[in-house]
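Okay, so the sequence shown: first residue is 1 according to full-length UniProt numbering, each after it adds one.
We treat Cβ as the ideally placed atom computed from N, Cα and C, and that holds for glycine.
Note that the structure is a prediction, hence the values are computed from the model and not measured.
Only one structure is covered here, and it is reproduced in the block below.
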Amino acid sequence: MSNALRERTVLPPDDPAELARFVQELRSAGGRARARLVGPDGSEIEIPDELYGVLRDVVTALSEGLAISIAPHNTMLTTQEAADLLNISRPTLVRLLSEGEMPYTMRGRHRRVMLRDVLDYQERTRQARRRTLDRMTAEAEEDGLYEATATPRRTR
Numbered sequence: 001m002s003n004a005l006r007e008r009t010v011l012p013p014d015d016p017a018e019l020a021r022f023v024q025e026l027r028s029a030g031g032r033a034r035a036r037l038v039g040p041d042g043s044e045i046e047i048p049d050e051l052y053g054v055l056r057d058v059v060t061a062l063s064e065g066l067a068i069s070i071a072p073h074n075t076m077l078t079t080q081e082a083a084d085l086l087n088i089s090r091p092t093l094v095r096l097l098s099e100g101e102m103p104y105t106m107r108g109r110h111r112r113v114m115l116r117d118v119l120d121y122q123e124r125t126r127q128a129r130r131r132t133l134d135r136m137t138a139e140a141e142e143d144g145l146y147e148a149t150a151t152p153r154r155t156r
């Protein structure tokens, strides 16, 4: 089945009105009951919570005018695939692996990285950036830097 899956990008519709209505219905549905998918023939299939969350995120993004890319991912990634996912260069990823930032295995002469390890690293770095920005903001507030730059002075 995974051989049939291909990467594809879905663009937002030209008229987002129907999608916006759908987003509102998804939000108002909340957690009332288990989500179900109803086919054209009336057959129903219960949707797992994880899939329902993905569907809600996709619809929300499309309603905000964002395109969505859907791509199957192997659980074991090449260094190039992992670097692409993290939006960094492959040499940078290899350096991170060498420094022990993420575990990896060797397949012959090639490094392989587990998808969950890449996602864990991505989340750790995101949280570290957030903590650093919060600390910098707090220090700037303590030092009164926001008041000092409230009215920019003329430089010309």
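Among Arg156, Leu93, Pro13, Ser69, the one whose alpha carbon lies nearest that of Tyr121 = Along the sequence shown, one-based indexing puts residue 121 at 121. Selected option, being the one with the closest Cα: Leu93.
When you compare only the Cα positions, how much space is there between Asp49 and Glu123?
-> Taking the first residue of the sequence shown as position 1, residue 49 is located at position 49. Taking the first residue of the sequence shown as position 1, residue 123 is located at position 123. Approximately 21 Å between the Cα atoms of the pair.
Buried versus exposed call for Ala83 [16 or more other C-beta atoms within 10 Å across all chains shown] = If you number the sequence shown from 1, residue 83 lands on position 83. Per the 10 Å Cβ criterion, buried.
What is the residue span of the beta strand (DSSP E) that Met136 lies within?
-> Counting from 1 along the sequence shown, the entry for residue 136 is found at position 136. Here Met136 belongs to no beta strand (DSSP E); instead the alpha helix (DSSP H) covers 115-142.
DSSP bridge partner residues for Ser69 (one or two, in chain order) = Working through the sequence shown from its first residue, we reach residue 69 at position 69. According to DSSP, Ser69 bridges with Thr9.
Output the distance between the C-alpha atoms of Arg8 and Glu18, rounded to the nearest integer angstrom.
-> The residue given as residue 8 occupies position 8 in the sequence shown. The residue given as residue 18 occupies position 18 in the sequence shown. Each residue's Cα considered, the two are about 22 Å apart.
Counting pairs of beta carbons, one from the segment 19-28 and one from the segment 59-67, are three or more of them closer than 8 Å?
-> yes
Quick one: Cα of Met1 to Cα of Leu115, how far?
-> As a first step, residue 1 is located in the sequence shown; it is residue number 1 there, counting from the start. As a first step, residue 115 is located in the sequence shown; it is residue number 115 there, counting from the start. Only weak support is given to the placement of Met1: the predicted model assigns it a pLDDT of 41, under 50, and the value that follows is read from those uncertain coordinates. Spanning the two alpha carbons is a distance of roughly 19 Å.
Beta-carbon proximity check, Leu85 vs Val118, cutoff 8 Å | Here residue 85 is taken as the residue at index 85 of the sequence shown, counted from 1. Here residue 118 is taken as the residue at index 118 of the sequence shown, counted from 1. Yes, Cβ-Cβ distance for Leu85 and Val118 is below 8 Å.
Compute the beta-carbon to beta-carbon distance between Ile70 and Val10, rounded to the nearest angstrom, for a pair I have assumed lies under 8 Å.
-> The count along the sequence shown starts at 1 and reaches residue 70 at position 70. The count along the sequence shown starts at 1 and reaches residue 10 at position 10. At roughly 7 Å, the Cβ-Cβ gap stays under 8 Å, so Ile70 and Val10 are in contact.
Measuring CA to CA, which of Arg111, Tyr52, Tyr146 is closest to Glu81?
-> For the purposes of this step, residue 81 is taken as the residue at position 81 of the sequence shown. Cα-wise, what sits closest to Glu81 is Arg111.
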